[in-house]
Each structure stands twice: as structure tokens, then as C-alpha cells.
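Student: Protein sequences appear in the order of chains A and B. Following this note's numbering, the numbering of the first sequence begins with 1 at its first residue and continues without gaps. Following this note's numbering, the numbering of the second sequence begins with 1 at its first residue and continues without gaps. Glycine included, C-beta positions come from ideal geometry on N, C-alpha and C. Owing to the predicted nature of the structure, the values given are computational and were not obtained by experimental measurement.
Number of protein chains: 2
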Amino acid sequence: LNRIKASGLKLRFCTNETQATREKFVKKLQGLGFDISVAEVTAPAPAACRILKERSLRPHLLVHNDLVPEFAEIDKTNPNCVVIGDAAENFTYANLNEAFRVLIGMEKPVLLSLGSGRYYKETDGLKLDVGAYMKALEYACDVQAEVVGKPSKMFFESALAEMGVPAQQAIMIGDDIVSDVGGAQRCGMRALQVRTGKYRPCDENHPHVKPDAYVNNLAEAVDIILQQL
Amino acid sequence: LNRIKASGLKLRFCTNETQATREKFVKKLQGLGFDISVAEVTAPAPAACRILKERSLRPHLLVHNDLVPEFAEIDKTNPNCVVIGDAAENFTYANLNEAFRVLIGMEKPVLLSLGSGRYYKETDGLKLDVGAYMKALEYACDVQAEVVGKPSKMFFESALAEMGVPAQQAIMIGDDIVSDVGGAQRCGMRALQVRTGKYRPCDENHPHVKPDAYVNNLAEAVDIILQQL
Numbered sequence: 001l002n003r004i005k006a007s008g009l010k011l012r013f014c015t016n017e018t019q020a021t022r023e024k025f026v027k028k029l030q031g032l033g034f035d036i037s038v039a040e041v042t043a044p045a046p047a048a049c050r051i052l053k054e055r056s057l058r059p060h061l062l063v064h065n066d067l068v069p070e071f072a073e074i075d076k077t078n079p080n081c082v083v084i085g086d087a088a089e090n091f092t093y094a095n096l097n098e099a100f101r102v103l104i105g106m107e108k109p110v111l112l113s114l115g116s117g118r119y120y121k122e123t124d125g126l127k128l129d130v131g132a133y134m135k136a137l138e139y140a141c142d143v144q145a146e147v148v149g150k151p152s153k154m155f156f157e158s159a160l161a162e163m164g165v166p167a168q169q170a171i172m173i174g175d176d177i178v179s180d181v182g183g184a185q186r187c188g189m190r191a192l193q194v195r196t197g198k199y200r201p202c203d204e205n206h207p208h209v210k211p212d213a214y215v216n217n218l219a220e221a222v223d224i225i226l227q228q229l
Numbered sequence: 001l002n003r004i005k006a007s008g009l010k011l012r013f014c015t016n017e018t019q020a021t022r023e024k025f026v027k028k029l030q031g032l033g034f035d036i037s038v039a040e041v042t043a044p045a046p047a048a049c050r051i052l053k054e055r056s057l058r059p060h061l062l063v064h065n066d067l068v069p070e071f072a073e074i075d076k077t078n079p080n081c082v083v084i085g086d087a088a089e090n091f092t093y094a095n096l097n098e099a100f101r102v103l104i105g106m107e108k109p110v111l112l113s114l115g116s117g118r119y120y121k122e123t124d125g126l127k128l129d130v131g132a133y134m135k136a137l138e139y140a141c142d143v144q145a146e147v148v149g150k151p152s153k154m155f156f157e158s159a160l161a162e163m164g165v166p167a168q169q170a171i172m173i174g175d176d177i178v179s180d181v182g183g184a185q186r187c188g189m190r191a192l193q194v195r196t197g198k199y200r201p202c203d204e205n206h207p208h209v210k211p212d213a214y215v216n217n218l219a220e221a222v223d224i225i226l227q228q229l
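1. Could you check whether the Cβ of Glu89/A sits closer than 7 Å to any Cβ belonging to chain B?
2. If we ignore side chains and look at the alpha-carbon of each, how far apart do Asn95/B and Ala99/A end up?
3. To the nearest angstrom, report how far apart Asn16/B and Asp223/B are at their CA atoms.
4. If you scan the segment 31–74 of chain A from start to end, which runs of the alpha helix (DSSP H) of 4 or more residues do you find wholly inside it?
5. Measuring straight from C-alpha to C-alpha, what distance separates Leu52/A and Gly105/B?
6. Between Leu126/A, Ala6/A, Lys127/A and Glu138/A, which has its C-alpha nearest Gly131/B's C-alpha?
7. So is Ala87/A buried or exposed if we call it buried at 16+ other beta carbons inside 10 Å?
8. Report back the beta-carbon spacing between Ala136/B and Lys135/A to the nearest angstrom; my notes put them in contact at under 8 Å.
9. In chain order, what residues of the same chain lie with their CB nearer than 7 Å to the CB of Ile4/A, ignoring the 5 residues before and after it?
10. At 3 residues or longer, and completely inside the segment 155–229 of chain B: list those beta strand (DSSP E) runs for me, N to C.
11. Verify the CB distance criterion: does Lys127/B have a CB-CB separation below 7 Å to chain A?
12. Among Leu62/B, Ala184/B and Pro166/B, whose alpha-carbon lies nearest the alpha-carbon of Ile173/B?
13. Residue range of the beta strand (DSSP E) that Gly125/A falls in?
14. If you compare alpha carbons, which of Ser37/A, Thr21/A and Val215/A is closest to Ala72/A?
15. Can you pull the chain A neighbours of Gly131/B, defined as C-beta to C-beta under 9 Å?
16. So who's on the other strand from Ser7/B, going by DSSP bridges?
17. Starting from the beta carbon of Leu96/A, find every residue of chain B whose beta carbon is closer than 7 Å, and list them in chain order.
18. According to DSSP, what are the bridge partners of Tyr120/B?
19. Near Ala159/A, which residues of its chain fall below 6 Å by C-beta distance, leaving aside the five closest residues on each side in sequence?
20. On a Cα-Cα basis, can you pick out the residue from Ile74/B, Lys150/B and Ala213/B that is closest to Leu61/B?
21. What's the call for His208/A, buried or exposed, on a 16-neighbour Cβ count within 10 Å?
22. Indicate whether Gln193/B and Tyr214/B have their beta-carbon atoms separated by less than 7 Å.
23. What residues from the segment 92–125 of chain B come within 7 Å of chain A, judged by C-beta to C-beta, listed N to C?
24. Measuring only the C-alpha atoms, how far is Leu226/A from Ile171/A?
25. Between Asn90/A and Asn65/A, how many whole angstroms is the CB-CB distance? I'm expecting something under 8 Å.
26. Using the three-state DSSP reduction, which class does Leu96/B fall into: helix, strand or coil?
27. For Thr18/B, is the classification buried or exposed, using 16 other Cβ atoms within 10 angstroms of its Cβ as the cut-off for buried?
28. Are the beta-carbon atoms belonging to Val83/B and Ala140/B less than 7 Å from one another?
29. Is the Cβ-Cβ distance between Lys198/A and Tyr120/A less than 7 Å?
30. Please identify the residue among Gly125/B, Ala39/B and Arg58/B whose C-alpha is closest to the C-alpha of Val110/B.
31. Would you kindly work out how many angstroms separate the C-alpha atoms of Gly149/A and Val26/A, rounded to a whole number?
32. Starting from Ser152/A, trace the beta strand (DSSP E) in both directions and tell me its first and last residue.
33. Would Ser179/B pass as a contact of Gly117/B if the rule is Cβ separation under 7 Å?
34. Arg54/B: buried (16+ other C-beta within 10 angstroms of its C-beta) or exposed?
35. Expressed to the nearest angstrom, what Euclidean distance is found between the alpha-carbon atoms of Thr196/A and Thr123/A?
36. Give me the Cα-Cα distance between Gly188/A and Glu157/A, rounded to the nearest whole angstrom.
What follows is the structure, encoded as C-alpha cells:
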């Protein structure tokens, strides 16, 4: 990260993190020694808040407790849409039924999903991500969710706009073959897949997505990028 | 029910009930005054057991506690498939993650779903049905579940075979526009939708399924059927 910043390249952190506010997310990474600030982060919750305000939507939230503060300024009375994030332990049978009832009760159900990831890895193993629960609600209510977050095109375009960089000059580095690599490429960017985190060897046979290159870790990605300057 | 039985017509109860064994299910209906026996019931769990035995599959079960006895004779060690039913309160975050991990760990994931219903109604409101959770696992693991139960064609065909009646001479009565009416019609049967239970007025504008007739209740369905004898 320091080498990227020292090179003068523009940098943006694109996260689908919806288990915490950007503040908490940044603090965690700072604690790990990363040079990162809230202003450098593109995340789904603030993007969703913009949409809610623009369209006068009042959400019923099915999100992680720690994400709720991001929606502090949003009117949540008499909901006319559902916003789903990676609610983790909040994905209880009761909460899923409640979100479902709010949706099915609408004449035209509106479901915003903070990402469409299939699963992710934590220290105690793989976990279902928000995309799986989004699919459950989509099917039950016969609606299509609007995805805010990777791999949505709009999300990558926001990040590019915030940097003031055209897609052709940007490179995405990520561990998720669909959300990171596929999403960025569909937006016209190049993308490297790191063989860490949620990477699995079978990703290299993915039927639709092929990264521009594989790297074994972030440092190797930086090597490649700086070599080409 | 008594009028149907007295008429000499053959009768079969096709249920997607997976919250209890057939024994419990029948006892409940008997308690409500219905003349019904276990031998008259076609249900997903015994159908799944036949498939598991035929294909030497050892299931990881994500089902309702009360359904577990139906799988008593099935080897469940070292699972090579997942069987999902309407687990209700067992649809916890932990249990869903566990079923997911078993599936994603297989070279070729096999998911059997005891039904594909979207939701159902209980006294305390609408609840997500097994189909929604099936979709979540399908998406997370990029697999297609094999559905055992309505509206699968195989399930209706079993019921017809058990009665020894060709589809053209059979009539389905049900409250679910997709699982009951659509499934039976795709099998060559006629189907009546009752305007009770999970029926909703918007079912009458369903884009794909149109019942042969609507009836306000089961008694009215029997009237129509007996009139045509």
C-alpha cells in the first residue's frame, strides 16, 4: 500500500463490507498497519443512502447491528422498501420472515441489497454472504433486488468518478472472482485476482470470468503494477 | 371428504408437509375430524428416502426436528448430499452455514429439496418456505437443487401411480397457484384453486398458471366434481 501511495498512483478501497460503518472498517485496517482514511473508501451503505434519499424510500433494515449508524439520517417509519446487508447473526428465522412480510405486503416490492456475494471466509470457516439471503427474498416475493456494491457497474463507476480516473487506466485487485474481478472487467477495468482470502483453485476454471492475471498476494500485484509504469 | 369417499372416487392426499412425519400429520387431520390414513398420503420425505437409497446418498439433514424420524433408516455418516426441508426454527444462521459448508465441500454438490414453496401462512402470519432457503443454497454453491415434492412432476406421477389413475382422469384441489395448480396441470391433470389458505387475490392474474376453475372452499370443489360424474 505504501509503495502504491509513494508512486503517486491514485488509490481507492472498494469494499462490500456491510458489517460495520466505514469508520469502524477503517479503524480496523489502521490497527493492522494500513495507511487508509474514511475518505478513501467506497462502500455500499452510503451508496444506498444516496439512493434512498433520491427516491424517497423509507427502508426496513435487515443489516448488521454495527451498520445501523450509517442509516442514522434516513427516515425508517412506515417502510416502503427493504434494505438487506450482510446481517450475519441477525439473519435469524424471525428477522428473515419479518423482512419477507414487509416486502410481500407492498404493491410493488422494492429490495435493495448491499452486495450480492455468495460467501466469504472467516477464521471459523466459510459463511453465507448477503447474496444468498437476497436470492431467498427475491424468490419468495418474485422480485429482482437492486444490488448496491460490487459487482454492480454503478458501484465501480462511483469509485472511478471519486478518483477521477477512466476505467481503461484503472486496475482492480481482489480475491473474489465474480464480485471483484468480473464486476471490474464488465466496467472496462483490468483486474488481478489474488490467490489469498476467499480465492479457491477452481476459480481458475470459472466459466465466465478470467482475470487479466493471477498474483499470489498483494505485494506481487503491486510489483506488477509498478513495473508497468 | 366423506362425500368424495362415499362416491367411490379414488382419493390421495398430496402434501409438501415436511414439518412432521406422516404419522403426526395424519393424527393432526384426524383430530380435526378428517377421515384419513397414513397409506393415503403422498409426502416428500419418504419419496426422498427412496432416492437416497437408490443412489447411495448419505444426507446431511437440514429439516424440522419432527421430520427426522422419517430418515431413521438412512445412513447419515460422512454425508455426500444435503437434504433441506421446511426446517422452520431450525433455519438458524449457524445451521444454514453448516449445510452450506457441507455442500460447498463436495466435488459435485447434491442438494435435495423437500418442496420449492415460496411461503405459507400460519396463524401468526406468512412464513418463508423451504424454496426460499433452497434458492439461497443454490446460489451460494452454484448448484441446482433436485426438488422432491410439489410441483415436481415426479411427485404427482407417484401419487397417480399409487391410485392407479391416469392424469387425464384426475383432479387436483389446492390453494397454491404454483405448487398445487401449476404442478398438477404440467402433469396433465386438471386443477381447482380454492380461495382459502395461502390463496391471494393476485393469484388470479398469475402470468403462467390458470386453474381450470376457482372454488371458494373445499365443499364447493366437491360439489363441482360430483356434479360431473
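Tutor: Looking at the coordinates:
1. Numbered from 1 along the first sequence, position 89 holds the residue referred to as residue 89/A. Yes, because at least one Cβ of chain B sits closer than 7 Å to the Cβ of Glu89/A.
2. What you label residue 95/B is simply residue 95 of the second sequence in a count that begins at 1. What you label residue 99/A is simply residue 99 of the first sequence in a count that begins at 1. Those two C-alpha atoms are separated by around 20 Å.
3. Locating residue 16/B in the second sequence gives position 16, counting from the first residue. Locating residue 223/B in the second sequence gives position 223, counting from the first residue. C-alpha separation (whole angstroms): 25 Å.
4. 44–54
5. Residue mapping note: residue 52/A aligns to position 52 of the first sequence, counting from 1. Residue mapping note: residue 105/B aligns to position 105 of the second sequence, counting from 1. Taking the straight line from one Cα to the other gives about 39 Å.
6. Stepping through the second sequence from its first residue, residue 131/B is reached at position 131. Out of Leu126/A, Ala6/A, Lys127/A and Glu138/A, Glu138/A has the C-alpha closest to the C-alpha of Gly131/B.
7. Locating residue 87/A in the first sequence gives position 87, counting from the first residue. Result: buried.
8. Residue numbering aside, residue 136/B sits at position 136 when the second sequence is read from its first letter. Residue numbering aside, residue 135/A sits at position 135 when the first sequence is read from its first letter. Right, the Cβ-Cβ distance comes to about 5 Å (below 8 Å), so this counts as a contact.
9. Counting from one through the first sequence, the residue named residue 4/A turns up at place 4. Counting only Cβ-Cβ distances below 7 Å, and skipping sequence neighbours, we find Leu11 and Val222.
10. Given a length threshold of 3 residues, each whole run of the beta strand (DSSP E) inside the segment 155–229 of chain B is given here in chain order: 171–174, 190–194 and 213–215.
11. Position 127 of the second sequence holds residue 127/B. At least one chain A Cβ lies under 7 Å of Lys127/B.
12. In the second sequence, the residue the question calls residue 173/B occupies position 173. Cα-wise, what sits closest to Ile173/B is Ala184/B.
13. Taking the first residue of the first sequence as position 1, residue 125/A is located at position 125. Where Gly125/A is concerned, the enclosing beta strand (DSSP E) stretches over Gly125 to Leu128.
14. Sequence index remark: in the first sequence, residue 72/A carries index 72 (1-based). Nearest C-alpha to Ala72/A: Thr21/A.
15. Reading the second sequence from its first residue, position 131 is the one you call residue 131/B. The contacting residues are Ala136, Tyr139 and Ala140.
16. Taking the second sequence and counting its residues from 1, one reaches residue 7/B at position 7. Answer by DSSP bridge pairing: none, since Ser7/B is not bridged.
17. In the first sequence, the residue the question calls residue 96/A occupies position 96. Neighbours of Leu96/A on chain B, chain order: Leu128.
18. Counting from one through the second sequence, the residue named residue 120/B turns up at place 120. BP columns for Tyr120/B point to Lys127/B.
19. Here residue 159/A refers to the residue found at position 159 of the first sequence. Contacts found: Arg12, Cys14 and Thr42.
20. Within the second sequence, numbered from 1, the residue matching residue 61/B stands at position 61. Residue Ile74/B is the option with its Cα nearest to Leu61/B.
21. Working through the first sequence from its first residue, we reach residue 208/A at position 208. With fewer than 16 other Cβ atoms within 10 Å, it is exposed.
22. Residue mapping note: residue 193/B aligns to position 193 of the second sequence, counting from 1. Residue mapping note: residue 214/B aligns to position 214 of the second sequence, counting from 1. Taking 7 Å as the Cβ cut-off, Gln193/B and Tyr214/B qualify as a contacting pair.
23. Thr92, Tyr93, Leu96, Asn97, Phe100, Arg101, Ile104, Arg118, Tyr119 and Gly125
24. Numbered from its first residue, the first sequence carries residue 226/A at position 226. Numbered from its first residue, the first sequence carries residue 171/A at position 171. Distance between the alpha carbons of Leu226/A and Ile171/A: 12 Å.
25. As a first step, residue 90/A must be located in the first sequence, where it is residue number 90. As a first step, residue 65/A must be located in the first sequence, where it is residue number 65. So it is a contact: roughly 7 Å between Cβ atoms.
26. By 1-based counting over the second sequence, the position of residue 96/B is 96. Residue state, collapsed to three classes: helix.
27. The residue you call residue 18/B lines up with position 18 of the second sequence. Per the 10 Å Cβ criterion, buried.
28. For this step, residue 83/B is matched to residue 83 along the second sequence. For this step, residue 140/B is matched to residue 140 along the second sequence. Not closer than 7 Å, so no.
29. Mapped onto the first sequence, residue 198/A falls at position 198. Mapped onto the first sequence, residue 120/A falls at position 120. Contact: yes.
30. Numbered from its first residue, the second sequence carries residue 110/B at position 110. For Val110/B, the closest alpha carbon among the candidates Gly125/B, Ala39/B and Arg58/B is that of Arg58/B.
31. The residue you call residue 149/A lines up with position 149 of the first sequence. The residue you call residue 26/A lines up with position 26 of the first sequence. In a straight line, the C-alpha of Gly149/A is about 17 Å away from that of Val26/A.
32. Residue 152/A sits at position 152 when you count from the first residue of the first sequence. First-last for Ser152/A: undefined, no H or E at that position.
33. Here the question's residue 179/B lines up with position 179 in the second sequence. Here the question's residue 117/B lines up with position 117 in the second sequence. Yes; because the gap between Cβ atoms is below 7 Å, this pair is in contact.
34. As a working mapping, residue 54/B is identified with position 54 in the second sequence. Reading off the sequence, residue 54/B comes out as Glu, not Arg. Looking at its Cβ environment, which holds fewer than 16 other Cβ atoms inside 10 Å, Glu54/B is exposed.
35. Position 196 of the first sequence, counting from 1, holds the residue named residue 196/A. Position 123 of the first sequence, counting from 1, holds the residue named residue 123/A. If you take the alpha carbons of Thr196/A and Thr123/A, they lie about 13 Å apart.
36. Within the first sequence, residue 188/A is the residue found at index 188, counting from 1. Within the first sequence, residue 157/A is the residue found at index 157, counting from 1. Looking at the two C-alpha atoms, the distance is approximately 10 Å.
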